[in-house]
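What follows is a short report on a single structure.
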Amino acid sequence: MATLKIINLHAEVEGIEILRGVDLEIKGGQTHAIMGPNGTGKSTLASVVMGHPKYTVTEGEILLDGKNVLEMSVDERSRAGLFLGMQAPSEVPGVTNSDFIKTAMNARLEEGKNISLFKFIREYDRAVEDLKMSEDLPHRYLNQGFSGGEKKRNEILQMKMLKPSIAILDEIDSGLDVDALKIVGENVTAMKNKDLGLLLITHYQRLLEYIEADFVHVMMKGKIVKSGDISLMKKIDQDGYDWIKEELGIDDERVFVKEEEQKVMLGTCATKEALDL
Amino acid sequence: MKMQYQKQANIKKKEISEIERLSEGLEDYIVLQDGHIVTKKVSSAFDDLMILTYDEALQSYPALFNELVNVKHPSSDAYQYNFDECNSGLLLYLPKKKRISKPLHIFYVATTEEFTHNTFLYLEQESELNYFEHLFSDAVGSYSYVSNAIVHEAANLTYGALSNLGKDVASYVYRNASVDRYGISKYSLADVGDAIQLMYQTINLNGEYASGTSKTIAITSGVQEARYETLLEHNALYSEGYIEHYGVANNESALIFEGIGQINKGMKQSIARQQNHGIVLGEKARLDANPLLLIDEYDVIASHGAAIGKIDDDELYYLMSRGLTEKAAQRLIINGFLSPVMSLLETDTLKNMFLKRVEEKTL
Ligand SMILES: Nc1ncnc2c1ncn2[C@@H]1O[C@H](COP(=O)(O)OP(=O)(O)OP(=O)(O)O)[C@@H](O)[C@H]1O
Ligand SMILES: [Mg+2]
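As given, the protein sequences belong to chains Y and L, one line each in that order.
Taking the working numbering as reference, the numbering of the first sequence is continuous, increasing by one, and the terminal residue is 277.
Taking the working numbering as reference, the numbering of the second sequence is continuous, increasing by one, and the terminal residue is 1363.
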């Protein structure tokens, strides 16, 4: 049973600190949900766990079953069992969906060993059917020209094929219509087992109607500021975040105020120094 | 034309085994070494196609030969020089309405220090030919290769080329097509060699509704320098010309694409399109694409574009996040980028040869 431990995680991008001390533990069999207003560091947390090269970890630890994740390259993390369903997956022209997944599955085997083509096709076709995607999907280029919803479904399809032990799904529900949300939700729920730890990043309660969450966390200013169970999510859905901000004395929940906005503020009292900035 | 033929040299063991390997699985192919046909394995599908070395053509069909080669050459000194000086020549003549859709592979082998080859493709009205050439040499020397295609009314030429010339070769390749009314010529050229390379392609669209496509894929590595120029000239109304360049430049190599779509005055309703795609792999590599439209007419459709840059970091990250090593991810992206040529390589042997060379050159 896998355990992902995130301890006092600080990370920055281009010199700006975005994660400011995240603590979180996800065990196999558990489902966690992270909510929070825009720009509070949710996707950044997911990217840092996966190892996106843009982010620098300045403090803290990430451990997967006790192993230091921060020392692993992105691909090693994946092979160790981590999976990130991305908020905005890339389009890769020329690379077909099936070639990609086949290569990814082979990368998990010993050097020189390959998955049987027959087995692969059968499994892939079944996943395509489960997610009600179009039959020509295997031959289409990876996410190229896919609608927002198709991209999200393709992320879940990849998860199905790769069978991770810890999966982070970043806004897997955005861009999905009601039917697609149901399909995605049911597929994720079907994958649940005592060995899979799930972290859902979402803005809406409706996702949790299909995927039950055991823990709900709220992120603001680059850290988890509140945790609870599903009732927390229900309250946020009804009342928004203001009450949490009030409770915790937070003015602006975002990690940092965008430069343009700062410029506008400076512009209103435009002194020579301000303009020189 | 002075034809200075070599006595049939003993073909080198190494080259024989290389051809044997590459031709594996091909149904129809010819090996031409220093101007002599040394292997001809061609099925009855090609019975209508006249296949002659210049030597044979001069001896057996002097009248036809003179008539054919006296058609207007493209006004290029280089072409004329090559024609005058060639020490290897091949004539392919397809009569009216004869259509052969199976591809014919020709392996051109040079064992001499100077190889000056000339291929003449002559397609009479409404005929159809699918021609695929393989240029390779490990020799030290200069390699000059010219092909000229005459595509008559409503004839259809599909022309593929795979070139893999060694690093000690300086090569000059010139391919020209003249296309009549409703004629089609479609060139797909792939270069995975290490030679210093100059390649020119011109397609002259001389009749109404004539159509020409030229697709070039090239990978440079080491300190290699290569330049590919493509000119599609519209000399008729309603003619269509398409240019596509795909390049990967590795290490300290320099790769240059020049594409010109030229629509002359009065050639209304013509279409000229051009695309350039490039991946710069090496920190010190150079990849330039200079698309040019020379248009002297208003009533036309024309477009051009160039997308050149490094492999996208986010694409790489995305693939790696599914467990692919950086190398494997890069390989997948590059192979995907080059996929437009893969479909042309008929056999697994050729596909594998291509992929192996791509891998060696993009490491
Ligand atoms: N690569 C980057 N370069 C510059 N700024 C970044 C980068 N990644 C994140 N940020 C900034 O960090 C902050 C947090 O971004 P993040 O994407 O983690 O927010 P989020 O909580 O996922 O928001 P949303 O709910 O809108 O998806 C934002 O202000 C964002 O602009
Ligand atoms: Mg986000």
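Think of the CB as a built atom: it goes at the ideal place given N, C-alpha and C, for glycine as much as any other residue.
Bear in mind that the values here come from a model prediction, so they are computed numbers and not experimental data.
- Query: When burial is assigned at 16 or more other CB atoms within 10 Å of the CB, is K1268/L buried or exposed?
  - Reply: Your numbering for residue 1268/L matches position 268 in the second sequence. Its Cβ having fewer than 16 others within 10 Å, K1268/L is exposed.
- Between the Cα of L1344/L and the Cα atoms of L1094/L, K1265/L, L1162/L, which residue gives the shortest distance? Indexing the second sequence from 1 puts residue 1344/L at position 344. Of L1094/L, K1265/L, L1162/L, the residue nearest in Cα terms is L1162/L.
- Item | For E110/Y: DSSP bridge partner residues | For the purposes of this step, residue 110/Y is taken as residue 110 along the first sequence, with counting starting at 1. Partner(s): none; E110/Y has no beta bridge.
- In chain Y, which residues lie with their C-beta within 9 Å of the C-beta of R1357/L? Here residue 1357/L refers to the residue found at position 357 when the second sequence is read from its first residue. Neighbourhood of R1357/L in chain Y, by CB distance below 9 Å: empty, with the nearest CB roughly 18 Å away.
- Alpha-carbon to alpha-carbon, N38/Y and G85/Y: Indexing the first sequence from 1 puts residue 85/Y at position 85. Indexing the first sequence from 1 puts residue 38/Y at position 38. Straight-line Cα distance between these residues: approximately 18 Å.
- Query: Under the criterion of a Cβ to heavy atom distance below 8 Å, does L200/Y qualify as lining ligand 1?
  - Reply: Indexing the first sequence from 1 puts residue 200/Y at position 200. No, since every heavy atom of ligand 1 falls outside the 8 Å radius drawn around the Cβ of L200/Y.
- Task: Check the C-beta distance from A104/Y over to R1099/L and give it rounded, since I have them as a contact under 8 Å.
- Result: Translated into the one-based positions of the first sequence, residue 104/Y becomes position 104. Translated into the one-based positions of the second sequence, residue 1099/L becomes position 99. In this structure, A104/Y and R1099/L do not form a Cβ contact; the two beta carbons are roughly 44 Å apart against a cut-off of 8 Å.
- Task: Anything in chain L within Cβ reach of L162/Y, meaning under 9 Å, just list it in chain order.
- Result: Within the first sequence, residue 162/Y is the residue found at index 162, counting from 1. Identification of chain L residues near L162/Y by a Cβ-Cβ cut-off of 9 Å yields R1322, G1323, ordered along the chain.
- Query: Using the rule of at least 16 other Cβ atoms within 10 Å of the residue's Cβ for burial, across every protein chain shown, is K1007/L buried or exposed?
  - Reply: The residue you call residue 1007/L lines up with position 7 of the second sequence. For K1007/L, the predicted model reports a pLDDT of 47, less than 50, meaning its position is unreliable; a value from the coordinates is still stated below. Per the 10 Å Cβ criterion, exposed.
- Could you tell me which residues DSSP pairs with L199/Y in its beta bridges? Numbered from 1 along the first sequence, position 199 holds the residue referred to as residue 199/Y. Answer is H32/Y, I168/Y.
- Query: Quick one: what does DSSP say L64/Y is sitting in, helix, strand or coil?
  - Reply: Residue 64/Y sits at position 64 when you count from the first residue of the first sequence. When DSSP states are grouped into helix, strand and coil, L64/Y belongs to the strand group.
- Query: Are the beta-carbon atoms of N1087/L and H1134/L separated by less than 9 Å?
  - Reply: By 1-based counting over the second sequence, the position of residue 1087/L is 87. By 1-based counting over the second sequence, the position of residue 1134/L is 134. For the pair N1087/L and H1134/L, the CB atoms are not nearer than the 9 Å cut-off.
- Would you mind working out which of M1320/L, F1132/L, L1316/L, L1281/L sits nearest I1308/L, comparing C-alpha positions? Mapped onto the second sequence, residue 1308/L falls at position 308. Of M1320/L, F1132/L, L1316/L, L1281/L, the residue nearest in Cα terms is L1281/L.
- Message: What does DSSP give as the partner residue(s) for V1151/L in the beta ladder?
- Response: Locating residue 1151/L in the second sequence gives position 151, where the first residue counts as 1. DSSP lists L1123/L, V1179/L as partners of V1151/L.
- Let me know the secondary structure DSSP gives A1190/L once reduced to three states. For the purposes of this step, residue 1190/L is taken as the residue at position 190 of the second sequence. The answer is strand: DSSP assigns A1190/L an E or B state.
- For chain L, is any of its Cβ atoms less than 9 Å away from the one on L70/Y? Position 70 of the first sequence holds residue 70/Y. Chain L contact via Cβ: absent.
- Query: Could you give the distance in angstroms between the alpha-carbon of V1169/L and the alpha-carbon of A1063/L?
  - Reply: Within the second sequence, numbered from 1, the residue matching residue 1169/L stands at position 169. Within the second sequence, numbered from 1, the residue matching residue 1063/L stands at position 63. Answer to the nearest angstrom: the Cα atoms are 36 Å apart.
- Query: Under a Cβ-count criterion, where at least 16 other Cβ atoms within 10 Å of its own Cβ denotes burial, should K1284/L be classed as buried or exposed?
  - Reply: Position 284 of the second sequence, counted from the start, is the residue given in the question as residue 1284/L. K1284/L is classed as exposed because its beta carbon has fewer than 16 other beta carbons within 10 Å across all chains shown.
- Nearest to L1231/L (by Cα), restricted to the options Q1262/L, A1249/L, Y1238/L: To locate residue 1231/L, count along the second sequence from 1; it is residue 231. That would be Q1262/L, whose Cα lies nearest to the Cα of L1231/L.
- Message: Against chain L, does Q262/Y count as a neighbour if the rule is that its beta carbon must be under 9 Å from one of theirs?
- Response: For the purposes of this step, residue 262/Y is taken as residue 262 along the first sequence, with counting starting at 1. Its pLDDT being 49, under 50, Q262/Y is placed unreliably by the model, and nothing is read from it.
- Task: Check the Cβ-Cβ distances between A1289/L and every residue of chain Y, and say whether any is below 9 Å.
- Result: What you label residue 1289/L is simply residue 289 of the second sequence in a count that begins at 1. Look at A1289/L: its C-beta is not under 9 Å from any C-beta on chain Y.
- Message: Buried or exposed, going by whether 16 or more other CB atoms sit within 10 Å of the CB of D177/Y?
- Response: Residue 177/Y sits at position 177 when you count from the first residue of the first sequence. Classification of D177/Y: exposed, given that the 10 Å Cβ count is below 16.
- Item | Among V225/Y, M191/Y, I62/Y, G60/Y, nearest to E278/Y - alpha-carbon criterion | As displayed, chain Y neither begins before 1 nor continues past 277, which places residue 278/Y out of reach and without an answer.
- Counting contacts by CB-CB distance shorter than 9 Å, is Y1209/L in contact with chain Y? For the purposes of this step, residue 1209/L is taken as the residue at position 209 of the second sequence. Chain Y, which has no Cβ nearer than 9 Å to the Cβ of Y1209/L, makes this no.
- Message: Closer than 8 Å is the cut-off here; do at least three beta carbon pairs connect the stretch 1284-1300 of chain L with the stretch 37-54 of chain Y?
- Response: The stretch 1284-1300 of chain L vs the stretch 37-54 of chain Y: no contact.
- Message: Taking 8 Å as the cut-off, is the C-beta of K42/Y nearer than that to any heavy atom in ligand 2?
- Response: Taking the first residue of the first sequence as position 1, residue 42/Y is located at position 42. Yes, ligand 2 has a heavy atom inside 8 Å of this Cβ.
- Message: Any beta carbon of chain Y sitting closer than 9 Å to that of E963/L?
- Response: For chain L, the structure presents residues 1001 to 1363; residue 963/L sits outside this window and is missing.
- Closer than 8 Å: D170/Y CB and nearest ligand 2 heavy atom: For the purposes of this step, residue 170/Y is taken as residue 170 along the first sequence, with counting starting at 1. With a cutoff of 8 Å, D170/Y counts as near ligand 2, since its C-beta is closer than that to a heavy atom of the ligand.
- Going by C-alpha distance, which of V1038/L, L1129/L, P1103/L, S1101/L is nearest Y1093/L? The count along the second sequence starts at 1 and reaches residue 1093/L at position 93. The candidate whose alpha carbon is nearest that of Y1093/L is L1129/L.
- Query: Just by C-beta distance, which residues in the stretch 101-117 of chain Y are closer than 7 Å to chain L?
  - Reply: Hits within the stretch, in order: T103, A104, A107, R108.
- Three CB pairs or more closer than 8 Å across the stretch 1294-1303 of chain L and the stretch 1350-1360 of chain L: By the Cβ criterion, the stretch 1294-1303 of chain L is not in contact with the stretch 1350-1360 of chain L, since fewer than three pairs of Cβ atoms, one from each stretch, lie closer than 8 Å.
- Whose Cβ in chain Y lies nearer than 7 Å to the Cβ of S1339/L? Counting from 1 along the second sequence, the entry for residue 1339/L is found at position 339. Near S1339/L (Cβ distances below 7 Å), the residues of chain Y are G94.
- Per-residue contacts from I1333/L into chain Y (C-beta, under 8 Å): Locating residue 1333/L in the second sequence gives position 333, where the first residue counts as 1. When 8 Å is used as the limit between beta carbons, I1333/L is near these residues of chain Y: V92, G94, V95, in chain order.
- Task: Report, in whole angstroms, the separation of the C-beta atoms of F1107/L and G1141/L, which I expect to be a contact under 8 Å.
- Result: For the purposes of this step, residue 1107/L is taken as residue 107 along the second sequence, with counting starting at 1. For the purposes of this step, residue 1141/L is taken as residue 141 along the second sequence, with counting starting at 1. Not confirmed; about 18 Å, so no contact.
- Message: For A88/Y and Q158/Y, what's the separation of their Cα atoms in angstroms?
- Response: Working through the first sequence from its first residue, we reach residue 88/Y at position 88. Working through the first sequence from its first residue, we reach residue 158/Y at position 158. A88/Y and Q158/Y have their C-alpha atoms roughly 15 Å apart.
- Query: What do you reckon, is the C-beta of Q87/Y under 8 Å from a heavy atom of ligand 2?
  - Reply: By 1-based counting over the first sequence, the position of residue 87/Y is 87. Answer for Q87/Y: yes, Cβ within range of ligand 2.
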